[in-house]
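Enquirer: This structure is in structure tokens; I'll ask about it shortly.
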Amino acid sequence: MPLDKTGAEADISQLPDSQRYQISVDEQIAGFTAYREREHDGATERIFFHTEVDEKFGGRGLATILIEQALTDTRAQGKVIVGVCPLVAAFLKKHHEFDGDTRPVHEETINWLQGQIN
3 MPLDKTGAEA
13 DISQLPDSQR
23 YQISVDEQIA
33 GFTAYREREH
43 DGATERIFFH
53 TEVDEKFGGR
63 GLATILIEQA
73 LTDTRAQGKV
83 IVGVCPLVAA
93 FLKKHHEFDG
103 DTRPVHEETI
113 NWLQGQIN
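For the sequence shown, the tail end lands on 120 under the numbering used here, and the numbers increase by one without skipping.
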């Protein structure tokens, strides 16, 4: 298990029915990153659109741990990453090891996503 900045173990789990990854510390839910999936241009896209960490867990690097684990798992599943969420997009700009596994965000992507989450 990865460790946060305080040395506490962070547990990341995928919740497919909720279409999210969740991070917990000391058996307390600390945050999540939400996604939607679609088949598009011959591949399964996993579109990450929102990441949130409870403020009482702030400053511990949990969002970064969560995003890295979620993207690594997505890549391992053979799915394409689309980073609509600003935190995911910022992570991808700094971590070029995911470059071959991503697609850019287009207006069409946003329109599709809005239809899914509204």
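Each residue gets a CB set at the ideal place from its N, CA and C atoms; glycine is no exception.
Looking at the unbroken beta strand (DSSP E) that takes in Gly85, where does it start and where does it end?
Expert: Segment 82 to 85, the beta strand (DSSP E) holding Gly85.
Enquirer: Would you identify the three-state DSSP class for Arg77, choosing helix, strand or coil?
Expert: In the structure shown, Arg77 sits in a helix (DSSP, three-state: H, G or I).
Enquirer: Look at the alpha carbon of Arg40 and the alpha carbon of Thr8, and state the distance between them as a whole number of angstroms.
Expert: Roughly 37 angstroms separates the two Cα atoms.
Enquirer: From which residue to which residue does the beta strand (DSSP E) around Tyr109 run?
Expert: What sits at residue 109 in the sequence shown is Glu, not Tyr. Taken as a continuous stretch (DSSP letters only), Glu109 belongs to no beta strand (DSSP E), being part of the alpha helix (DSSP H) at 109 to 119.
Enquirer: Does the stretch 106 to 113 come close enough to the stretch 82 to 98 to have 3 or more Cβ pairs within less than 8 angstroms?
Expert: Yes: the two stretches touch, three or more of their Cβ pairs being nearer than 8 angstroms.
Enquirer: Does DSSP put Gly102 in a helix, in a strand, or in coil?
Expert: Gly102 falls in the helix class under three-state DSSP.
Enquirer: Quick check on the burial criterion: 16 or more other C-beta atoms within 10 angstroms. Buried or exposed for Leu122?
Expert: The question about residue 122 has no answer here: the residues shown for the chain are numbered 3 through 120.
Enquirer: Report buried or exposed for Leu17, applying the criterion of at least 16 other Cβ atoms within 10 angstroms of its Cβ.
Expert: By the neighbour-count rule (16 or more Cβ atoms within 10 Å), Leu17 is not buried but exposed.
Enquirer: Where Leu64 and Leu89 are concerned, what is the direct C-alpha to C-alpha distance, given to the nearest angstrom?
Expert: The alpha-carbon atoms of Leu64 and Leu89 are separated by roughly 12 angstroms.
Enquirer: Given Ala45, which residues of its chain have a CB within under 6 angstroms of its CB, disregarding the five upstream and five downstream residues?
Expert: Correct list, in chain order: Val82.
Enquirer: Measure the beta-carbon distance from Ile31 to Ile14 and round it to whole angstroms, keeping in mind my assumption that it falls under 8 angstroms.
Expert: About 11 angstroms separates the two Cβ atoms, so there is no contact after all.
Enquirer: Rounding to the nearest angstrom, what Cα-Cα distance links Gln79 and Ala72 in this structure?
Expert: Answer to the nearest angstrom: the Cα atoms are 11 angstroms apart.
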